[in-house]
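Chain order of the listed sequences is H and R.
Sequential numbering of the first sequence, starting at 1, is according to full-length UniProt numbering.
Sequential numbering of the second sequence, starting at 1, is according to full-length UniProt numbering.
We put the beta carbon where it would ideally sit given N, CA and C, even for glycine.
2 protein chains.
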Amino acid sequence: MGNPPAVVLLSGGLDSTTVLAIAKHQGFEPHALSFDYGQRHGIELKAAQRVARSMGVSNHIVTTINLRSFGGSALTADIAVPHHESIEELSEAIPITYVPARNTIFLSFALALAETLGSGDIFIGVNALDYSGYPDCRPEYIRAYEAMANLATKAGVEGQHRLHIHTPLIELSKAEIIRLGLSLKVDYALTHSCYDPSPAGEPCGTCDSCLLREKGFREAGVDDPASKHWPT
Amino acid sequence: MGNPPAVVLLSGGLDSTTVLAIAKHQGFEPHALSFDYGQRHGIELKAAQRVARSMGVSNHIVTTINLRSFGGSALTADIAVPHHESIEELSEAIPITYVPARNTIFLSFALALAETLGSGDIFIGVNALDYSGYPDCRPEYIRAYEAMANLATKAGVEGQHRLHIHTPLIELSKAEIIRLGLSLKVDYALTHSCYDPSPAGEPCGTCDSCLLREKGFREAGVDDPASKHWPT
Numbered sequence: 001m002g003n004p005p006a007v008v009l010l011s012g013g014l015d016s017t018t019v020l021a022i023a024k025h026q027g028f029e030p031h032a033l034s035f036d037y038g039q040r041h042g043i044e045l046k047a048a049q050r051v052a053r054s055m056g057v058s059n060h061i062v063t064t065i066n067l068r069s070f071g072g073s074a075l076t077a078d079i080a081v082p083h084h085e086s087i088e089e090l091s092e093a094i095p096i097t098y099v100p101a102r103n104t105i106f107l108s109f110a111l112a113l114a115e116t117l118g119s120g121d122i123f124i125g126v127n128a129l130d131y132s133g134y135p136d137c138r139p140e141y142i143r144a145y146e147a148m149a150n151l152a153t154k155a156g157v158e159g160q161h162r163l164h165i166h167t168p169l170i171e172l173s174k175a176e177i178i179r180l181g182l183s184l185k186v187d188y189a190l191t192h193s194c195y196d197p198s199p200a201g202e203p204c205g206t207c208d209s210c211l212l213r214e215k216g217f218r219e220a221g222v223d224d225p226a227s228k229h230w231p232t
Numbered sequence: 001m002g003n004p005p006a007v008v009l010l011s012g013g014l015d016s017t018t019v020l021a022i023a024k025h026q027g028f029e030p031h032a033l034s035f036d037y038g039q040r041h042g043i044e045l046k047a048a049q050r051v052a053r054s055m056g057v058s059n060h061i062v063t064t065i066n067l068r069s070f071g072g073s074a075l076t077a078d079i080a081v082p083h084h085e086s087i088e089e090l091s092e093a094i095p096i097t098y099v100p101a102r103n104t105i106f107l108s109f110a111l112a113l114a115e116t117l118g119s120g121d122i123f124i125g126v127n128a129l130d131y132s133g134y135p136d137c138r139p140e141y142i143r144a145y146e147a148m149a150n151l152a153t154k155a156g157v158e159g160q161h162r163l164h165i166h167t168p169l170i171e172l173s174k175a176e177i178i179r180l181g182l183s184l185k186v187d188y189a190l191t192h193s194c195y196d197p198s199p200a201g202e203p204c205g206t207c208d209s210c211l212l213r214e215k216g217f218r219e220a221g222v223d224d225p226a227s228k229h230w231p232t
């Protein structure tokens, strides 16, 4: 008997890479799923491919969806990504980088893949602490998604297995995520977090995601290995 | 003030075309959403375009998603569509034409579009009677989806509006759907239902969908206007 299959949503960022390591550590055979969704940064997808390869993922599906035609977010439409002097400037409101229904769309594809694989396990790196502004990162949203998914599928209806959405990072701080990942030998040099990188892939250092990453490494008391590629 | 916007999932089949007419009749400005999902029949998409045009839809989005890479269904993978001698042969089990998580994926894109439009109204032509084999056509699934969606979005969280998934056909027989559509002046000659048409678009007459359509028109006591294109 091999390890049971699980679907891991993999963006190539710090969080989803840590989740992939956790799924492997828990004894699952991870099938990674990434999206080319008209986001500004194909750089993120390259990071996802690096990560999947380095972690021995045998099945990495990259599927194209076009959220750009729907508009409504700084990550997919022609709206500027906000930059800040410091992390204290990040507001509590839902940020403009919120993509309408993004996690709902991602989880729905993960659900289709899980059903095809005969798997009842989906891993997603949502985090309710550092991204409290995103409605679709909250525990109550995830529980409601699970309830819906168990009514949506053949496996759920025929009682083959319950679908479980694993959110191992949901209550962790960025520093705790980094420490956990390091304990599982995650190579964060492979990951990419910036919403607004240079064409060569250099992080801006001033978007929400860069600021949260910098704070996380600072609080974890370790250097960000990715930053050594980008002397500032 | 114009009519409030609503998203209508439009396949170009008999059910979704009727739903589009209902949404218009209820005073909504319909934004139609169709999917090119690697299905066997681009013919279905052409029907959706004919229907949207004929019913004066000003915004019809066709978005491409690749369910084919996931496999698992006769509608997207290289599995034969089943044919039957008569409608009595249709089984109660979930058919092989079931596409894993299809309605969940479709509704998730509809949710993204609704949020972008500032709309809380999504119309979908699911039917629990004639398609009892599909888990994602049941009322309990739709209610669970609504509950999840109201936790997923900025509009739901900020209390701008409740999301409502309209399923006006869910308890109707095919004959009742046809009679309702005819009362709203739907031109069913424009619609396409067959899972396994000829390259020219001729319906096979023996797949589940053709058999249900034929039974519906027979029980409604009217001729199927689409059938006159295809002398048999």
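Exercise. Using 8 Å as the Cβ pair cut-off and three pairs as the minimum, do the region 173-189 of chain R and the region 138-150 of chain R touch?
Worked result: Too few Cβ pairs lie closer than 8 Å, so no.
Exercise. Can you tell which of Y195/H, N127/H, A149/H has its C-alpha closest to the C-alpha of S173/H?
Worked result: N127/H
Problem set entry | For T104/H, three-class secondary structure by DSSP | helix
For this session: Just the C-alpha distance for E146/H and I170/H, rounded to the nearest angstrom, thanks.
Result: In this structure, the straight-line span from the alpha carbon of E146/H to that of I170/H is close to 15 Å.
Problem set entry | Reduced DSSP secondary structure (H/G/I, E/B, other) of E202/H | In the three-state reduction of the DSSP assignment, E202/H falls in the coil class.
For this session: Measure the C-alpha to C-alpha separation of L9/H and A110/H and round it to an integer number of angstroms.
Result: 7 Å
Exercise. Where L67/H and T167/H are concerned, what is the direct C-alpha to C-alpha distance, given to the nearest angstrom?
Worked result: L67/H and T167/H have their C-alpha atoms spaced approximately 24 Å apart.
For this session: Please say whether P5/H and H31/H have beta carbons closer to each other than 9 Å?
Result: yes
For this session: Please list the partners that Y145/R has in chain H, where partner means a Cβ-to-Cβ separation under 7 Å.
Result: M148
Exercise. Could you give the distance in angstroms between the alpha-carbon of I122/H and the alpha-carbon of V57/H?
Worked result: 15 Å
For this session: Determine the contact status of I165/R and I124/R, defining contact as a CB-CB distance below 9 Å.
Result: Yes; because the gap between Cβ atoms is below 9 Å, this pair is in contact.
Problem set entry | For T153/H and P135/R, believed in contact at Cβ under 8 Å, the rounded distance | 6 Å
For this session: Grab me the residues of D15/R's own chain with a C-beta within less than 7 Å of its C-beta, minus the 5 sequence neighbours each way, in chain order.
Result: G125, N127, L169, I177
Problem set entry | Residues that P100/R contacts on chain H, provided the C-beta gap is smaller than 7 Å | A112, E115, T116, T153
Problem set entry | Cβ of N103/H within 9 Å of any chain R Cβ | yes
Exercise. N66/R touches chain H at which residues, Cβ-Cβ below 7 Å?
Worked result: T63, T64
For this session: Determine the chain R residues that contact F109/H at a beta-carbon separation under 7 Å, and present them in chain order.
Result: I105
Exercise. Of all Cβ atoms in chain H, is any one closer than 9 Å to the Cβ of Y195/R?
Worked result: no
Exercise. Which chain H residues sit within Cβ distance under 7 Å of D136/R?
Worked result: A152
For this session: Leaving out five residues on either side along the sequence, give the residues of the same chain with a beta carbon under 7 Å from the beta carbon of V62/R.
Result: S34, D36, L45
Exercise. Hey, H192/R and G2/R: beta-carbon distance below 9 Å or not?
Worked result: In this structure, H192/R lies away from G2/R, with their beta-carbon atoms at least 9 Å apart.
For this session: Provide the residue(s) that pair with P168/H in DSSP beta bridges, ordered along the chain.
Result: The partner list for P168/H (beta bridge, DSSP) is empty, contrary to what the question assumes.
For this session: Can you grab the Cα-Cα spacing for the pair G118/R / C194/H, in whole Å?
Result: Distance from the CA atom of G118/R to the CA atom of C194/H, rounded to whole angstroms, is 28 Å.
Problem set entry | Cross-chain neighbours of Y141/H in chain R, by beta carbon under 8 Å | M148, L151, A152
For this session: Can you say whether E85/R is buried or exposed, counting buried as having 16 or more other CB atoms within 10 angstroms of its CB?
Result: exposed
For this session: Since I believe N150/H is in contact with R162/H (beta carbons under 8 Å), could you give me their beta-carbon distance rounded to a whole number of angstroms?
Result: 6 Å
For this session: Give the single residue among T64/H, A112/H, Y188/H, I43/H whose Cα lies nearest to the Cα of L20/H.
Result: That would be Y188/H, whose Cα lies nearest to the Cα of L20/H.
Exercise. So, helix, strand or coil for T153/R, using DSSP?
Worked result: coil
Exercise. So, helix, strand or coil for V62/H, using DSSP?
Worked result: The three-state secondary structure of V62/H, taken from DSSP, is strand.
Exercise. T64/H to S108/R, Cα distance in whole Å?
Worked result: 15 Å
Problem set entry | Range covered by the alpha helix (DSSP H) that runs through A189/R | No alpha helix (DSSP H) contains A189/R, which DSSP labels as neither H nor E.
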